[in-house]
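When the sequence shown is numbered by my numbering, its final residue is 1519 and no position is left out of the sequence of numbers.
Inspection log for the structure reproduced underneath, given as structure tokens.
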Amino acid sequence: MKQVLSNSNRNKLIIEATIRRFGPISRVQIHELTNVRKTTISVLVRELLEEKRLLEVGKSNNPLGRKQVLLRINEGHGYVAGVEFDDERVVAGVLDLSPHILYRICEPTNLQGGLDGLIQQLRSCVRKVLLQAKVPVESLIGIGVADPGFVNSRLGITLTSSIIDFWKNVPLKRIFEEEFCVPTLVESRTRAKTIAERMHGAGEKVDNLIYVDYGTGIGAGIVTDGRLLYGQDCGAGELGHTHIVRGGPACRCGSIGCLEAIASEGAIKSRMMKALSEGAHSQVLADGDPKGITVRAILSAANSGDKIACNIVAEVAQYLGLALANLVNLFNPSDIVLDKTLEVAGNGLLHQIHQVIRRQALTSSSEHLALRFGKIGEECGLLGVALLVLEKHFEISAFRPPDFLTGPYRISKGPGVPGYLGINGRTENGPVSDFGREAGS
């Protein structure tokens, strides 16, 4: 249910949202950025300071006229809990309003327990990090879940998953809200990671971006003209299920020849195991146990010149390049950011993929394309979904952008950076959602 706010509380949220996006800023600048009167701003800022929701942080360095006291958000006045998972691991954490990760855990995913077991693990991980960080549930402004499946973000439901067979029609938003009594946002892991890299990582300040989420599955987060694409049913970016090879291996989605079936982590490991079983020699067998081989070891071996690993990675680069060339022709990005997981393969992988894209995509779309690895590691999805919760909480329809923001909608990297009008590329009309409330209210 959407919460109806008084004018006073609504104006407080407007002030907080403005300071978060452009701070540290003065009271005069807040007035210039919003529809709130100067006298109202003075009164409400005083209340926000008394409530410790804002902090005064020195004065402006304007050489002309009176120096203005600058304000910023008190990052410790509210918190976000987040959890990211796939078929191998669960990462959970608590973040402040910056957002900085205050405490984080990582543990193997419980697949043996089935649907109920995994749901219980996700809830338990959130409880663990809250306990360890000494953050009461009442201090949370929201919980974010980064799910590896096909997620209807609007409804907070995971419809299906190609990497966890039993993960179908899971109403995670309702489950978490009933458990914690805190507004919960459920997003696909790929889109959450895209937001993290776009706002705080390798895609910073890039308005036309493709982020490649790589692991057991393969997904693409697509930002065009500053807008993250969702599609009619929130299904945009299922790169792993695009058809690449005619008559190729079966994919877990039920189709054949999908990118995920021939270029994911599972495909890399299968190729190496097959080569070793046929008598090939590789440095990945340094410990002598084929069962201990990891994809990271294979990628690292390729970077070191191991012949078998190099051949496998070159084939994967060919497939990834073909898939990305199609996206380049469709969306004309300026930058492509590859999952940091792939960085261990080195710049050789980047070069091979880039060569395929340049060969297969239109010259006009690929000539100035930049390709690089991501900057954020295993906490990427956790950070991304926390950023989404914060943007939802501070989303204010009455916000009036300054002159320098008019024109194409943009996504900023976060607090204090000009250029943000909402994760979906615009300010929303209508009442503040249930995220727009005071922590603990």
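Even glycine gets a Cβ: it sits at the ideal position worked out from N, Cα and C.
Predicted model, so just to flag it, every value in this text is computed and none were measured.
Whole-angstrom Cβ separation of ARG1330 and ILE1241, contact assumed at under 8 Å? Contact check for ARG1330 and ILE1241: beta-carbon distance about 7 Å, within the 8 Å limit, so the pair qualifies.
With DSSP collapsed to three states, give me the class of SER1120. It is helical.
Between the Cα of THR1320 and those of SER1342, ILE1219, LEU1307, spot the shortest distance and give me the residue it belongs to. The shortest CA-to-CA distance from THR1320 to any of SER1342, ILE1219, LEU1307 is the one to SER1342.
Report buried or exposed for VAL1290, applying the criterion of at least 16 other Cβ atoms within 10 angstroms of its Cβ. Classification of VAL1290: buried, given that the 10 Å Cβ count is 16 or more.
Residue environment, ASP1413, which counts as buried when at least 16 other CB atoms sit within 10 Å: Sixteen is the threshold: when 16 or more other Cβ atoms of the shown chains lie within 10 Å of the Cβ of ASP1413, as they do, the residue is buried.
Which residue comes first and which comes last in the alpha helix (DSSP H) that contains ASN1152? Membership of ASN1152 in any alpha helix (DSSP H) is not indicated, and neither H nor E is assigned to it by DSSP.
DSSP state of HIS1446, grouped into three classes? Coil.
Rounded to a whole number of angstroms, what is the C-alpha to C-alpha distance between LEU1189 and GLY1160? Rounded to the nearest angstrom, the two C-alpha atoms are 20 Å apart.
Look at the alpha carbon of VAL1260 and the alpha carbon of ARG1252, and state the distance between them as a whole number of angstroms. VAL1260 and ARG1252 have their C-alpha atoms some 10 Å from each other.
Pick from TYR1181, ALA1439, GLY1399: whose alpha carbon is nearest that of GLY1318? Distances from the CA of GLY1318 to each of TYR1181, ALA1439, GLY1399 were compared; the closest alpha carbon is that of GLY1399.
Buried versus exposed, by CB contacts within 10 Å (16 or more), ALA1274: Classification of ALA1274: buried, given that the 10 Å Cβ count is 16 or more.
Excluding the 5 residues preceding and the 5 following GLY1518 in the sequence, name in chain order all residues of the same chain whose CB lies nearer than 7 Å to its CB. With a pLDDT of only 38 at GLY1518, under 50, the local geometry of the prediction cannot be trusted, and no value is derived from it.
Separation of HIS1471 from LEU1091, as counted between CA atoms: Cα to Cα, the separation comes out at about 9 Å.
Could you compute how far the alpha carbon of PHE1163 sits from the alpha carbon of THR1236? In a straight line, the C-alpha of PHE1163 is about 13 Å away from that of THR1236.
Name the DSSP bridge partner or partners of GLY1383? In the DSSP assignment, GLY1383 forms no beta bridge with any residue.
Identify the continuous alpha helix (DSSP H) that holds SER1202 and give its terminal residues. Residues 1192–1211.
Does ALA1403 come out as helix, strand or coil in the three-state DSSP assignment? Correct three-state label for ALA1403: helix.
Give every residue of the same chain whose Cβ lies closer than 8 Å to the Cβ of GLN1146, excluding the five residues on either side of it in the sequence, and list them in chain order. Take GLN1146, set aside five residues on each side of it, and the residues of its chain with a beta-carbon closer than 8 Å to its own are SER1104, ARG1105, VAL1106, GLN1107, LYS1137, SER1138, ASN1140, in chain order.
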